[in-house]
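Per my numbering, the sequence shown starts with residue 11, numbered consecutively. Even glycine gets a Cβ: it sits at the ideal position worked out from N, Cα and C.
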Amino acid sequence: MKAQKFFIYSALAGIGLGFVQKSEVPLKDAFKKDFYVGAALSYRVTSGRDAKTTALVKQQFNTISPENLLKWEAVHPQPDQYNFKPADDYVAFGQANKMFTIGHTLMWHQQTPKWVFEDGAGKPASRELLLKRLEEHINTVVGRYKGKIAGWDVVNEAIDDQQGDLRKTKWLEILGEDFAAKAFEYAHKADPKAELYYNDYSLYRPEKRAGVIKLVKSLQAKGIKVTAIGMQGHYGLTKPTIDQVEASIVAFSKLGVHVNFTELDIDVLPNPSRRQGADIAETFGADPKYNVYTTGLPDSVQQKLTKRYADLFALFHKHRDVIDRITLWGVTDADSWLNDWPIRGRTSYPLLFDRNFQPKPAVQAVLQAAK
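Structure representation (structure tokens):
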């Protein structure tokens with residue numbers, strides 16, 4: 011890319027998009043020869059009820075993921091009931107804006123209704139019944155968006171946090187160790203051209219990395235293609251280290267798969283847990299000492315956030331031969347899930363754009379990494 015100055019805070023003149031101060035080069039254009047850059051969207055955006063966020067998404071990103079609306083409880087809440095309107099709007103938004111559209115997620119132990127794992131009497135479903143439900147769900151959902159959704163997070167967070175073993179879930183308990191293989195088989199059958207991913211958090215940890223490698227190798231041994239491993243990227247200002255993240259990129263690429271960073275954000279707030287990850291079941295009560303920047307982010311912390319994003323995107327750019335996509339989990343700080351996890355009601359600052367839809371200094375640092 012030719013050397014050029016990036017004027018991050020140049021205001022747009024006139025009306026219409028005047029609330030968005032845009033960078034000289036949008037993120038999607040700065041990295042267009044390297045990988046997609048995108049964001050996870052809420053239904054408020056894809057339904058057309060948030061014009062400011064929508065404008066920012068169109069301006070900066072070329073791939074989108076759905077936060078919740080394609081999770082099982084949202085799209086298939088009852089055995090004979092599908093709720094496709096939000097998902098239809100999301101996919102239509104992606105198509106209208108020529109974006110690489112992601113489906114998230116087909117198999118997860120969270121946000122899956124209880125009825126999925128029970129028979130008509132409320133007792134545990136048999137393997138046969140659960141497989142039938144899984145195949146019907148995947149065939150219906152993936153089939154509906156065949157040729158429109160380009161890639162699917164088929165299996166989400168199936169590896170245990172601590173030891174790297176298969177997580178103890180209803181999927182494992184009822185189906186056995188081939189639960190992931192079945193999900194990938196059904197997804198490939200429903201849309202043979204779609205990219206299929208395994209997605210998880212804390213994959214910089216050696217134990218968890220080893221568990222994912224074992225899982226993917228077991229799928230490959232069955233002739234099942236995994237297009238990429240999604241590293242969620244819910245990181246802090248200092249942990250994990252860049253070397254730890256890079257070690258997993260290299261290790262996964264040796265499997266012959268690509269790598270996506272699927273849920274990137276940087277938590278600048280004190281963490282009440284000693285664990286680093288994204289286990290949504292782990293929550294805490296309100297405590298002011300974990301909500302310390304209620305009136306704004308101090309410049310010293312803003313500088314740390316800027317350097318953190320710069321270092322990460324420099325790493326992504328270095329490995330652009332195996333990285334296909336970087337997706338931020340949210341668009342602006344205002345809509346980040348970290349405002350409510352692991353403690354509800356916090357004022358969090360984890361993304362590249364602030365609550366006024368303005369690029370942070372981190373955006374300029376990220377753009378420099380593209381050069």
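Is I276 near P360, with beta carbons less than 8 Å apart?
As a working mapping, residue 276 is identified with position 266 in the sequence shown. As a working mapping, residue 360 is identified with position 350 in the sequence shown. For I276 and P360, yes; Cβs fall inside 8 Å.
Inspect the beta-carbon positions of V165 and Y211 and report whether they are closer than 8 Å.
Your numbering for residue 165 matches position 155 in the sequence shown. Your numbering for residue 211 matches position 201 in the sequence shown. No, they are not a contact pair.
Please give me, in chain order, every unbroken run of the alpha helix (DSSP H) with length at least 4 that falls completely inside the stretch 101 to 187.
137 to 154, 180 to 185
Measure the beta-carbon distance from N270 to R335 and round it to whole angstroms, keeping in mind my assumption that it falls under 8 Å.
Within the sequence shown, residue 270 is the residue found at index 260, counting from 1. Within the sequence shown, residue 335 is the residue found at index 325, counting from 1. That belief holds up - the Cβ atoms of N270 and R335 are roughly 4 Å apart, short of 8 Å.
One or two residues paired with V47 in a DSSP bridge
Here residue 47 refers to the residue found at position 37 when the sequence shown is read from its first residue. I336, per the DSSP bridge assignment.
7 Å CB neighbourhood of R219 in its chain, flanking five on each side removed
Residue numbering aside, residue 219 sits at position 209 when the sequence shown is read from its first letter. Cβ within range, chain order: L213, S258, A261.
What span of residues does the alpha helix (DSSP H) with L206 cover, start to end?
Translated into the one-based positions of the sequence shown, residue 206 becomes position 196. First-last for L206: 205 to 210, but that is the beta strand (DSSP E), not the alpha helix (DSSP H).
Looking only at its chain, what residues have a beta carbon closer than 6 Å to the beta carbon of V152, apart from the 5 residues adjacent to it on each side?
Mapped onto the sequence shown, residue 152 falls at position 142. Contacts found: A197, A200, D201.
C-alpha distance - V35 paired with L377, whole-angstrom precision
What you label residue 35 is simply residue 25 of the sequence shown in a count that begins at 1. What you label residue 377 is simply residue 367 of the sequence shown in a count that begins at 1. Using only the alpha carbons, I get a separation of about 8 Å.
Limits of the beta strand (DSSP E) - the one that T248 falls within
Translated into positions along the sequence shown, residue 248 becomes position 238. Looking at the DSSP string, T248 is not in any beta strand (DSSP E), and its letter there is neither H nor E.
Would the beta-carbon of L274 fall within 8 Å of that of T342?
The sequence position of residue 274 within the sequence shown is 264, counting from 1. The sequence position of residue 342 within the sequence shown is 332, counting from 1. T342 sits away from L274, with the two beta carbons spaced by 8 Å or more.
Just to confirm, are T357 and N281 a CB contact at a threshold of 8 Å?
Residue 357 sits at position 347 when you count from the first residue of the sequence shown. Residue 281 sits at position 271 when you count from the first residue of the sequence shown. No; because the gap between Cβ atoms is not below 8 Å, this pair is not in contact.
Are A50 and P76 closer than 8 Å when you measure CB to CB?
What you label residue 50 is simply residue 40 of the sequence shown in a count that begins at 1. What you label residue 76 is simply residue 66 of the sequence shown in a count that begins at 1. Yes; because the gap between Cβ atoms is below 8 Å, this pair is in contact.
What are the complete beta strand (DSSP E) segments, minimum 3 residues, inside the stretch 69 to 94?
The qualifying runs are 73 to 76.
Can you tell which of F94, A160, A190 has the C-alpha that lies nearest to the C-alpha of T150?
For this step, residue 150 is matched to residue 140 along the sequence shown. For T150, the nearest C-alpha among the options comes from F94.
Burial state of D309, where buried means 16 or more other Cβ atoms lie within 10 Å
Here residue 309 corresponds to residue number 299 of the sequence shown, with the count starting at 1. Answer is exposed; the Cβ neighbour count stays below 16.
Mark F294 as exposed unless 16 or more other C-beta atoms lie within 10 angstroms of its C-beta, in which case mark it buried.
If you number the sequence shown from 1, residue 294 lands on position 284. It counts as exposed.
From D321 to N72, what distance separates their C-alpha atoms?
Indexing the sequence shown from 1 puts residue 321 at position 311. Indexing the sequence shown from 1 puts residue 72 at position 62. One C-alpha to the other measures close to 22 Å.
I234 lies in the alpha helix (DSSP H); which residues open and close that run?
Here residue 234 is taken as the residue at index 224 of the sequence shown, counted from 1. First-last for I234: undefined, no H or E at that position.
Give the list of continuous alpha helix (DSSP H) stretches no shorter than 4 residues that lie fully inside the stretch 251 to 279.
252 to 263
Per-residue burial, L315 [other beta carbons within 10 Å of its own, 16 or more giving buried]
For this step, residue 315 is matched to residue 305 along the sequence shown. It counts as buried.
DSSP on P216, reduced to helix/strand/coil?
Here residue 216 corresponds to residue number 206 of the sequence shown, with the count starting at 1. Helix at P216.
Own chain residues within Cβ distance below 6 Å of V332, not counting five before or after:
Taking the sequence shown and counting its residues from 1, one reaches residue 332 at position 322. Within the same chain, V332 has close Cβ partners S263, H268, V269.
Go ahead and pull the three-state DSSP assignment for H198.
What you label residue 198 is simply residue 188 of the sequence shown in a count that begins at 1. H198 falls in the helix class under three-state DSSP.
Excluding sequence positions up to five away, which residues of its chain have a Cβ less than 6 Å from the Cβ of R54?
Position 44 of the sequence shown, counted from the start, is the residue given in the question as residue 54. Correct list, in chain order: D60.
Just how far apart, CA to CA, sit W347 and K81?
Along the sequence shown, read from residue 1 onward, the residue named residue 347 stands at position 337. Along the sequence shown, read from residue 1 onward, the residue named residue 81 stands at position 71. If you take the alpha carbons of W347 and K81, they lie about 16 Å apart.
Within 10 Å of its beta-carbon, does P87 have 16 or more other beta-carbons around it, so buried, or fewer, so exposed?
Working through the sequence shown from its first residue, we reach residue 87 at position 77. Per the 10 Å Cβ criterion, exposed.
Between D44, F110, P96, L176, which lies nearest to H119 when the distance is taken from Cα to Cα?
If you number the sequence shown from 1, residue 119 lands on position 109. Comparing Cα positions, the closest option is L176.
With a Cβ-Cβ cutoff of 8 Å, do K178 and L141 count as a contact?
If you number the sequence shown from 1, residue 178 lands on position 168. If you number the sequence shown from 1, residue 141 lands on position 131. Their beta carbons are not under 8 Å apart, which means K178 does not touch L141 by this criterion.
Helix, strand or coil at T64 [DSSP, three-state]:
On the sequence shown, residue 64 is found 54 positions in, with the first residue counted as 1. Looking at T64 - three-state DSSP - the assignment turns out to be helix.
Do you know whose CA, among D171, A204, I169, lies nearest G157's CA?
One-based indexing of the sequence shown puts residue 157 at position 147. The shortest C-alpha separation from G157 is found at A204.
Starting from S310, trace the alpha helix (DSSP H) in both directions and tell me its first and last residue.
Looking up residue 310 in the sequence shown gives position 300. 309 to 328 is the extent of the alpha helix (DSSP H) around S310.
I'd like to know whether the C-beta atoms of F225 and I169 end up nearer to each other than 8 Å.
On the sequence shown, residue 225 is found 215 positions in, with the first residue counted as 1. On the sequence shown, residue 169 is found 159 positions in, with the first residue counted as 1. The amino acid at residue 225 is misidentified as Phe; the sequence shows Leu. Contact: yes.
I'd like the list of long-range same chain contacts for Q230, defined as Cβ closer than 6 Å, with 5 residues on each side in sequence excluded.
On the sequence shown, residue 230 is found 220 positions in, with the first residue counted as 1. Around Q230: no qualifying Cβ.
Name, in chain order, the residues that DSSP records as bridge partners for T305.
By 1-based counting over the sequence shown, the position of residue 305 is 295. DSSP lists no partner for T305.
Can you tell me which of Y155, F326, D297, Q368 puts its alpha carbon nearest to the alpha carbon of R382?
This structure cannot settle anything about residue 382, because the visible part of the chain is limited to 11 through 381.
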